[in-house]
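Colleague:
Protein chains: 4
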Amino acid sequence: MNRSTFGNLFRVTTWGESHGKALGVVVDGCPAGLPLCEEDIQKCLDRRKPGQSKYTTARKEGDLVEILSGVFEGKTTGTPISMIVKNTDQHSRDYGNIACSYRPGHADFTFDQKYGFRDYRGGGRSSGRETIGRVAAGAIAEKILAELGISFVTYSKSIGPVEMQTFDAAEITNNAFYMPDAEAAAKAGEYLNQCIEKMDSAGGVVECKINGVPAGLGDPVFGKLDAVLAEAVMSIGAVKAVEIGDGFAVSRSNGSTDNDGFCIEDGQIRKTTNHAGGIMGGISDGSEIILRAAIKPTPSIAQPQETVTKDGEPLSLEIHGRHDPVVVPRAVVVVEAMCALTIVDALFSNMTSRLDRVIDFYRK
Amino acid sequence: MNRSTFGNLFRVTTWGESHGKALGVVVDGCPAGLPLCEEDIQKCLDRRKPGQSKYTTARKEGDLVEILSGVFEGKTTGTPISMIVKNTDQHSRDYGNIACSYRPGHADFTFDQKYGFRDYRGGGRSSGRETIGRVAAGAIAEKILAELGISFVTYSKSIGPVEMQTFDAAEITNNAFYMPDAEAAAKAGEYLNQCIEKMDSAGGVVECKINGVPAGLGDPVFGKLDAVLAEAVMSIGAVKAVEIGDGFAVSRSNGSTDNDGFCIEDGQIRKTTNHAGGIMGGISDGSEIILRAAIKPTPSIAQPQETVTKDGEPLSLEIHGRHDPVVVPRAVVVVEAMCALTIVDALFSNMTSRLDRVIDFYRK
Amino acid sequence: MNRSTFGNLFRVTTWGESHGKALGVVVDGCPAGLPLCEEDIQKCLDRRKPGQSKYTTARKEGDLVEILSGVFEGKTTGTPISMIVKNTDQHSRDYGNIACSYRPGHADFTFDQKYGFRDYRGGGRSSGRETIGRVAAGAIAEKILAELGISFVTYSKSIGPVEMQTFDAAEITNNAFYMPDAEAAAKAGEYLNQCIEKMDSAGGVVECKINGVPAGLGDPVFGKLDAVLAEAVMSIGAVKAVEIGDGFAVSRSNGSTDNDGFCIEDGQIRKTTNHAGGIMGGISDGSEIILRAAIKPTPSIAQPQETVTKDGEPLSLEIHGRHDPVVVPRAVVVVEAMCALTIVDALFSNMTSRLDRVIDFYRK
Amino acid sequence: MNRSTFGNLFRVTTWGESHGKALGVVVDGCPAGLPLCEEDIQKCLDRRKPGQSKYTTARKEGDLVEILSGVFEGKTTGTPISMIVKNTDQHSRDYGNIACSYRPGHADFTFDQKYGFRDYRGGGRSSGRETIGRVAAGAIAEKILAELGISFVTYSKSIGPVEMQTFDAAEITNNAFYMPDAEAAAKAGEYLNQCIEKMDSAGGVVECKINGVPAGLGDPVFGKLDAVLAEAVMSIGAVKAVEIGDGFAVSRSNGSTDNDGFCIEDGQIRKTTNHAGGIMGGISDGSEIILRAAIKPTPSIAQPQETVTKDGEPLSLEIHGRHDPVVVPRAVVVVEAMCALTIVDALFSNMTSRLDRVIDFYRK
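Chains as they are written, first to last, in my numbering: chain A, 19 to 382; chain B, 19 to 382; chain C, 19 to 382; chain D, 19 to 382.
(1) Could you give the C-beta distance for Ala233 of chain B and Thr325 of chain A, rounded to a whole number, given that I count them as a contact under 8 Å?
(2) Smallest Cα separation from Arg147 of chain D: which of D:Arg288, D:Gly34, D:Leu163?
(3) Would Cys213 of chain D pass as an interface residue toward chain C - the criterion being a Cβ-Cβ separation below 8 Å?
(4) Out of B:Arg348, B:Pro332, B:Pro343, B:Gly263, which has the shortest C-alpha to C-alpha gap to Ala294 of chain B?
(5) Determine whether the Cβ of Met19 of chain D lies closer than 8 Å to any Cβ atom of chain C.
(6) For Asn368 of chain B, list the residues DSSP reports as bridge partners.
(7) Quick one: is Phe135 of chain A near chain D, going by C-beta distance under 8 Å?
(8) Taking the alpha-carbon positions, what's the Gly38 of chain C to Ile254 of chain C distance?
(9) Would Val43 of chain A pass as an interface residue toward chain B - the criterion being a Cβ-Cβ separation below 8 Å?
(10) Chain C beta carbons: is any one of them nearer than 8 Å to that of Met389 of chain D?
(11) May I ask which residues mark the beginning and end of the beta strand (DSSP E) holding Gly156 of chain A?
(12) Rounded to a whole number of angstroms, what is the C-alpha to C-alpha distance between Gln323 of chain A and Arg136 of chain A?
(13) Considering only their Cβ atoms, is the gap separating Gly330 of chain C from Pro317 of chain D smaller than 8 Å?
(14) For a quick check, are the C-beta atoms of Lys161 of chain A and Leu41 of chain A less than 8 Å apart?
(15) Along chain A, which residues have their Cβ under 7 Å away from the Cβ of Ala248 of chain B?
(16) Applying the criterion that 16 or more other CB atoms from any shown protein chain within 10 Å of the CB defines a buried residue, is Ala248 of chain A buried or exposed?
(17) Quick check: Arg372 of chain C and Tyr133 of chain D, are their CB atoms within less than 8 Å of each other?
(18) Distance check for Ile228 of chain C and Cys48 of chain A, CA to CA, integer angstroms please.
(19) 8 Å is my cut-off, CB to CB: does Arg372 of chain C come that close to chain D?
(20) Check for me: the beta strand (DSSP E) holding Asn14 of chain B runs from which residue to which?
(21) If I follow the unbroken alpha helix (DSSP H) through Ser274 of chain A, where does it start and stop?
(22) Taking 8 Å as the threshold (beta carbon to beta carbon), is Ile287 of chain C in contact with chain D?
(23) Looking only at its chain, what residues have a beta carbon closer than 7 Å to the beta carbon of Leu243 of chain D, apart from the 5 residues adjacent to it on each side?
(24) Which value, in whole angstroms, describes the spacing of the CA atoms of Glu165 of chain C and Ala245 of chain D?
(25) Would DSSP call Lys242 of chain A helix, strand or coil?
(26) Based on the DSSP output, what are the partners of Ala259 of chain C in its beta bridges?
(27) Using a C-beta to C-beta distance shorter than 7 Å, which residues of chain B count as neighbours of Pro232 of chain D?
(28) Out of D:Val231, D:Lys175, D:Asn105, which one is the CA nearest neighbour of Gly167 of chain D?
(29) To which residues of the same chain is Arg29 of chain C closer than 7 Å at the C-beta, ignoring the five residues directly before and after it?
(30) Which chain B residues sit within Cβ distance under 8 Å of Asp126 of chain C?
(31) Out of B:Ile307, B:Pro332, B:Asp374, state which residue places its alpha-carbon closest to the alpha-carbon of Cys118 of chain B.
(32) What in chain C is Cβ-close to Asp46 of chain B, meaning under 9 Å?
(33) Examine the Cβ distances between the segment 265 to 281 of chain A and the segment 177 to 192 of chain A and report whether three or more of them are shorter than 8 Å.
(34) Give me the residue from A:Ser36, A:Arg121, A:Arg21 with the minimum Cα distance to Ile337 of chain A.
(35) Pull up the DSSP beta-bridge partners for Thr94 of chain D, would you.
(36) Look at the alpha carbon of Phe379 of chain B and the alpha carbon of Val352 of chain B, and state the distance between them as a whole number of angstroms.
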C-alpha cells in the first residue's frame with residue numbers, strides 16, 4: 019500500500035513524482051482565518067535550494083508554487099488547501115541502465131519488490147523532490163505556530179566528519195550548508211571538495227530547536243510527542259536515526275546527571291537543565307525542544323558501483339548528472355517542516371485534554 | 019488528548035495505571051484461526067521480569083494474564099481480543115511528597131500540565147507497567163509472524179558504558195541483563211553495583227534484529243517501515259533515540275561505503291552489505307532489519323534531588339522503595355513487542371500493493 | 019478484518035462476545051476532570067432492560083459494570099477508561115443445530131464466510147450484547163454533553179404498524195416500549211401479543227432528538243455530521259435505514275416547502291422551520307437534531323424456518339429460548355449512545371475550525 | 019475542522035471550490051498495475067452531465083480531467099494518483115445578496131457559523147461541484163472492482179412523486195433522468211415542467227444495486243459494510259436518508275417475512291430471498307447489495323424566500339441563474355462512486371480476516 023497522509027487533525031497528503039507533470043500537497047484541517055498567499059509558501063520552498071553553490075544542484079524551473087483552493091480573499095477558509103508545483107524539467111531522455119537496474123543506496127529495488135515496477139525517471143516517488151509537498155505544508159504549519167509564538171531554528175550540525183563548534187544563528191543563512199559556524203562551514207566545503215574529487219558523497223546531522231512550545235503537547239501513550247516527531251523525521255528519505263535531547267548519550271549517563279531538576283524562576287516552575295530535550299513522558303514540558311536527525315550520504319555517486327539489473331545480470335554502474343555531494347543542507351528545511359507539522363497537530367489534539375477548557379471554549 | 023491505540027490494520031489499544039485495579043489491552047484486527055492460549059501471552063510477560071536478581075524488582079503478583087474475548091475453541095475468531103492483568107499489589111499507602119511534587123526525570127510535571135491533575139500512585143499511566151499491554155499484544159504479533167518465518171533476536175547491547183564485545187545468542191537468557199556476551203554482562207553487574215552504592219542509576223542500548231521479513235513492507239511516504247518502527251519504539255517510556263542500520267554513523271560515512279551493492283546469490287538478488295539495516299526508501303529489502311534504541315537511566319534514585327512541589331515550593335526529594343538501577347533488561351521485550359506490532363501491521367497493509375495479487379486473492 | 023473502534027478524538031473500542039467471560043469497552047480521549055462513577059454508567063446500562071415485561075428478556079446477572087482505569091479520586095484523568103461487564107450466565111449447554119447451521123436473519127452465515135468459523139454461543143460477537151460497550155461509553159459521552167447543555171430525548175416512534183400519535187416525554191419511561199404515547203404503547207402491546215401467539219416478531223422505528231447542539235459541528239465533506247450519525251446508527255445490529263429531519267419525505271417534497279427560511283428571533287438568527295433536522299451542508303445549524311432509525315424484527319422466532327447447515331444440508335430450524343418479540347425498546351438507548359458518541363467527537367473536532375479561537379485557547 | 023479524506027486503505031482526498039482555480043482529488047492506496055488513462059475518468063465525469071436537457075445545467079468547460087501523478091507507462095504505480103479539473107468558468111461577477119445573506123436550504127449559514135466566513139462564489143466548497151473529486155476517484159474504484167466481476171446499476175427510482183414502475187436497464191441512459199422506465203421518465207419531465215413554471219424544484223430517490231460482491235466484506239462492529247455505505251452516501255450534499263435492502267419497510271414487517279432463508283442451489287449455499295439487501299450483520303452475504311438514498315429538492319429556486327443577511331437584516335431573496343430543478347439525475351453517478359469507494363476499501367480490508375489466507379498470500 020501507500021500512506022501519503024500525515025497527521026490526525028492537521029492532515030497533509032503529498033503526491034507527485036520527480037519527473038511527472040507536477041508535485042503537490044493537500045492540507046486538510048487548517049483553521050479558517052489564516053492570512054495566506056503563495057509568497058508565504060515560496061519562501062520555504064526556496065530554502066530547499068541553498069547557497070546556489072557547486073554543492074547543491076538548482077533546477078532551472080524554480081519550483082514555483084500555486085495555491086488552487088482553500089484560500090479566499092487572502093485568508094484560509096477552513097477547507098482543503100491544494101498546492102501544486104509543476105515540473106517544467108520533464109525533457110524526455112534516455113535513462114539507460116537506471117531504468118532496468120538497481121542503484122545501490124536507492125529505493126529502486128524495494129519499489130520493484132513492493133509494486134512490481136516503478137517510475138524510474140529521476141527516482142520517481144522516492145526522489146528528494148517528494149519533499150516539496152512536505153515543505154509547502156510545513157510553511158502553513160509554521161505560519162500558524164508563529165501566531166502562538168512558536169519558532170524554529172534548524173541547521174546542519176555536521177557535514178561528514180566536520181561538526182560545528184560554535185553557534186551563531188545569523189551565520190546559518192550565510193553559507194551554502196546552513197551551518198551556524200562560519201569556520202566549520204569552510205571546513206565542510208573543503209571536505210566536500212575532496213568528496214567530489216573522489217566521486218564520492220557525504221552525510222551529516224541536522225539539528226532542530228523549537229522554542230515557545232507550551233507544556234502539555236503530546237498524546238500518551240502512542241501519540242507521544244517524541245514518538246510522532248521521530249516518525250515524522252524518520253519518514254524523510256535519507257534519515258537513518260533520530261534523537262531527542264541528549265539522545266544516544268543518555269545510554270551512558272546516570273540518573274543523577276540525566277534527570278532535569280525543577281526550580282522556581284520568576285514565580286514559574288522551570289527545569290534547571292534540559293537533558294530531556296523539552297519532552298518528558300512524551301509530553302512537552304515548556305522548555306526548548308531539541309531534535310537531531312542523521313542524514314546518510316547521497317547515494318548517487320559517479321564512481322563505479324557493483325549492482326545487478328532487474329533480470330539478475332551483474333552490472334558496474336556509474337551515475338552521472340546533477341547530484342549534490344551532500345543533501346544535508348537541503349534536508350534542513352524538510353526536517354523543520356516535518357517538526358512543524360507534528361507540533362501543529364499536537365497543539366490541536368491537546369485542546370481536548372481538560373474538560374474545563376472544553377467547556378470554557380464552548381460557553382464563551 | 020490521549021492516543022492509546024497503535025496500528026492501522028492490527029490495532030492495539032492499551033489501558034491501565036500502575037496502581038489501578040488492572041491493566042490490559044484490546045487487540046483488534048487479528049486474523050481468525052490463530053491458535054492462542056494464555057500461556058502464549060504469559061511467556062512474553064514473564065520476559066519483563068528478567069533474572070530475578072538484585073538489579074530488577076519483581077512484583078509478587080506475577081502479572082498473570084487472562085484472555086476475556088476473541089478466542090473460541092483455542093483459536094482466534096477475528097473479533098477483538100481483550101486481555102487483562104489484575105493489580106494485586108494495590109495496598110493503600112502514604113505517597114508523601116510524591117503526590118504533590120514533581121520527581122525529576124519523571125512525567126509528573128507534564129501530566130499535571132496536560133491534564134490538570136494525575137494519578138500519582140506509582141506513576142499512574144506513565145509507569146513502566148503500562149508496557150504490559152504492549153507486551154501482551156506483541157506476543158500475538160510474534161505468533162503470527164512466526165507462522166511466516168519471521169523471528170526476532172533482541173538484547174541489551176550496552177548497559178551504561180559497558181558494551182557487548184561478542185555475540186552469543188544462547189547467552190542472552192543466561193544473565194540478568196539479556197546481554198549476548200557473558201563477560202560484558204559480568205562487567206555490567208559490577209558497574210550497576212557501583213551505581214547502587216552511589217544511589218544512582220544507569221541507561222543502555224537495546225538492539226533488535228528481525229529475520230525473515232519479506233521485501234516490500236512499508237508504506238511510502240508517511241508509513242515507511244523505518245518511520246513507523248521509530249514511532250513505535252520511541253513511544254516506549256525511557257527511549258530517547260532510535261536508529262536503523264548504521265544509524266548515526268551514516269552521518270560520518272561516504273556514499274561509496276554506505277551504499278549497499280547488489281549481487282546474485284543462489285539465483286536470487288541479494289545485497290552485498292547491510293548498512294541500511296534492511297530498509298531502503300522506507301521499504302524492507304529482504305535482509306535483516308536492525309534497530310537500536312537508547313534507554314535513559316532510571317529516573318527514580320535514592321540520592322536527594324532538587325525539585326519543587328506543585329504549589330511551587332522548593333523541595334529536596336529522596337525516592338526510596340523498589341526501583342531497578344537500570345530498566346534496559348526489562349525494555350528488551352518491550353522493544354521487541356513494538357517492533358513485532360509494527361511488522362505485522364506493515365505485512366497486512368502490504369497485501370494491497372499490487373493489483374494482480376489482490377485479484378489472485380479473491381479469484382481463488 | 020475487524021473494526022471495533024469508533025470516533026477520532028473521543029474513541030471507543032468495544033470487545034466481547036455474548037457468552038464469553040465478559041464484555042467491555044475502552045474509552046480513549048475523554049478529557050480529564052469529568053466526575054465519573056460506576057453508577058453513572060449503570061443507569062444507562064439499566065435502560066437496556068426496559069419494563070421487565072414479557073416483551074423483553076432480562077438476564078439475571080444484571081449486567082453490572084466495573085471501571086478498571088482512567089478514573090482517580092472520582093474524576094477522569096484523561097487516560098483510557100476501561101469498563102467491564104462480566105458474563106455470569108455462561109452455563110455450558112447444548113447449542114444443537116445452531117452451532118452448525120445458519121439461522122435466517124442472523125449473521126451466522128456471513129461470519130463463517132468472513133472468518134472461517136465463529137463463536138456460535140448466543141450469536142457471539144454479533145449478539146445484541148455487543149451493545150453493552152456502546153451504551154457504557156455513551157453514558158460518558160452524555161455526561162460530557164450535559165455539561166454543555168446538550169440533551170437527548172429518544173423513544174420508540176413505532177412498533178410494527180403501531181405508530182405514536184401524541185408526544186408526552188413523561189410517558190416514555192412509563193411503558194415497556196419507551197413510547198411517548200400511552201395509547202400507542204397499549205396498542206403495541208396487543209400487537210406483540212399477536213406476534214407471540216404466531217411465534218413471530220416485529221420491528222419498529224426509534225427516533226432521537228438532540229437539543230442544545232451548537233451550530234458549527236460536523237466536518238465537511240466526509241466527516242459531515244449527518245454522515246457520521248448515519249454510520250454510527252447503521253452500525254447497530256438491527257438497523258436497516260437512517261434518516262435525518264424529513265428524511266425520505268424530502269424526495270417527494272419541493273424546494274419551496276423543504277427549504278428552512280431564516281428570521282431574527284430575540285436578536286438571534288433562527289430558522290423558521292426545521293425540515294433539515296438541524297443539519298445543513300453536513301454542519302449543525304443550532305436547531306434540534308432529529309434522527310430516525312428503522313429496526314428490523316427480531317430474527318429469532320420459534321416457528322420453523324427453512325435453512326441449511328454449514329455442510330449444505332437442508333434443515334427446518336425452530337429457535338426456542340429467551341427471545342424478545344421486538345428489540346426496538348432495547349435499541350432506544352443504543353441509538354442514543356451512538357448519537358452521543360458522534361456529537362462529542364464532532365464537538366471536539368470543531369475546536370480547531372477557526373484560527374482566532376485556537377489562538378484564544380492557547381493565549382489564555 | 020475539515021475531513022476531506024474517505025477510506026482507510028483506498029483513501030480519497032478531495033479538494034476545491036465551485037469557483038476556485040480548480041477542483042481535484044488525490045487517490046492514495048491504489049494498487050500498482052491497474053491500466054488507467056484520463057478517458058477512464060472522463061467517462062464517469064461525463065455522467066454528471068446527463069441528458070443535455072433543460073432540466074440540467076451544463077457548464078461549457080466540460081470538466082476535463084488531467085492525471086498528474088501515480089500513473090507511468092499507462093499503469094498505476096502504487097503511488098498517489100492526483101487528478102485535477104480546472105475551472106474555466108471563473109468570470110468575476112456580482113454575487114449581490116448571496117455574498118452577504120443566507121440562502122434557505124443551503125450551507126451558507128452553517129459554514130459561516132463554523133468557519134467565521136466563507137467563499138460565497140457558487141456555494142464554494144458546499145457546491146455540488148465538490149463531487150467531481152468523488153466521481154473521478156470512484157471511476158478508479160469501479161475499474162478495480164470490474165476486474166473482480168463486481169458491477170453497478172444505479173438510477174433514479176423516483177423524481178418527486180413519480181416513481182418508476184418497471185425496470186429496463188437499457189432505458190437508464192435513454193432519458194434525461196437516468197430512469198429505467200421510459201414512461202415514468204416522461205411523467206417526471208411533465209412534473210418538472212410544472213416545477214419550473216412554479217419557480218420550484220423537486221427531489222427524488224436514487225437506487226444503487228451492486229452485483230458480484232463476494233461474501234465476507236465489512237468489518238464489525240464499527241466498519242460494518244452497511245454502516246460505511248450509509249456514511250459514504252449520506253456525505254453527499256443533498257442526501258437526507260439512506261436505506262439498505264427493505265430499509266424502512268422492515269419496521270412494519272415481521273421476522274417470518276423479513277428473515278432471508280437459506281437453501282442449496284447448484285451446490286452452493288444461497289439465500290431464498292434478499293430482504294437484507296445483501297448485508298447480514300454488517301457483512302456482505304454474496305447476494306445483490308441494494309441501497310437507496312433520498313435526495314432533497316434543489317434549494318436554489320427563483321421564487322422569493324424569506325431569509326436574513328449575515329448582519330441580521332430580513333431579506334426576501336430570489337435566486338436566479340443556472341439551477342437544475344432537480345439534482346437527482348446528477349446524483350446517480352455520485353451515489354455509485356461513493357458505493358464503489360466503500361466496496362473497494364472493504365475488499366482490501368477483508369484480506370486479513372483469516373490467518374490461513376494471509377499465510378497463503380505470503381508463502382506463494
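Every residue, glycine too, gets a C-beta built ideally from N, C-alpha and C.
Modeller: Quick look at the numbers:
(1) About 16 Å separates the two Cβ atoms, so there is no contact after all.
(2) It is D:Gly34.
(3) yes
(4) B:Gly263
(5) yes
(6) None, per the DSSP bridge assignment.
(7) It does: the Cβ of Phe135 of chain A has a partner Cβ on chain D nearer than 8 Å.
(8) 20 Å
(9) no
(10) Since the first and last residues shown for chain D are 19 and 382, residue 389 of chain D lies out of range.
(11) Counting along the chain, Gly156 of chain A falls outside any beta strand (DSSP E), though it belongs to the alpha helix (DSSP H) covering 149 to 165.
(12) Looking at the two C-alpha atoms, the distance is approximately 21 Å.
(13) no
(14) no
(15) Ala248, Glu249, Met252, Val260
(16) buried
(17) yes
(18) Going by the C-alpha atoms only, they are around 29 Å apart.
(19) yes
(20) A query on residue 14 of chain B cannot be resolved here, the shown segment of chain B reaching from 19 to 382 and no further.
(21) 273 to 276
(22) yes
(23) Setting aside the 5 residues that flank it on each side, Leu243 of chain D is surrounded in the same chain by Leu235, Gly236, Ile297, Gly300, Ile301, Ser302, Ala364, each with a C-beta closer than 7 Å to its C-beta; the list follows chain order.
(24) Straight across, the Cα-Cα distance linking Glu165 of chain C with Ala245 of chain D is about 29 Å.
(25) coil
(26) C:Ala312, D:Glu261
(27) In chain order, Tyr380 make up the part of chain B whose C-beta sits under 7 Å from the C-beta of Pro232 of chain D.
(28) Distance check between Gly167 of chain D and each of D:Val231, D:Lys175, D:Asn105 places D:Val231 closest, using alpha-carbon atoms only.
(29) Thr23, Asp46, Gly47, listed in sequence order.
(30) Near Asp126 of chain C there are no residues of chain B at all, since even the closest Cβ is about 13 Å away, more than 8 Å.
(31) B:Pro332
(32) Met19, Asn20, Arg21, Ser22, Thr23, Thr31, Trp33
(33) no
(34) Nearest C-alpha to Ile337 of chain A among A:Ser36, A:Arg121, A:Arg21: A:Arg121.
(35) D:Val89
(36) 34 Å
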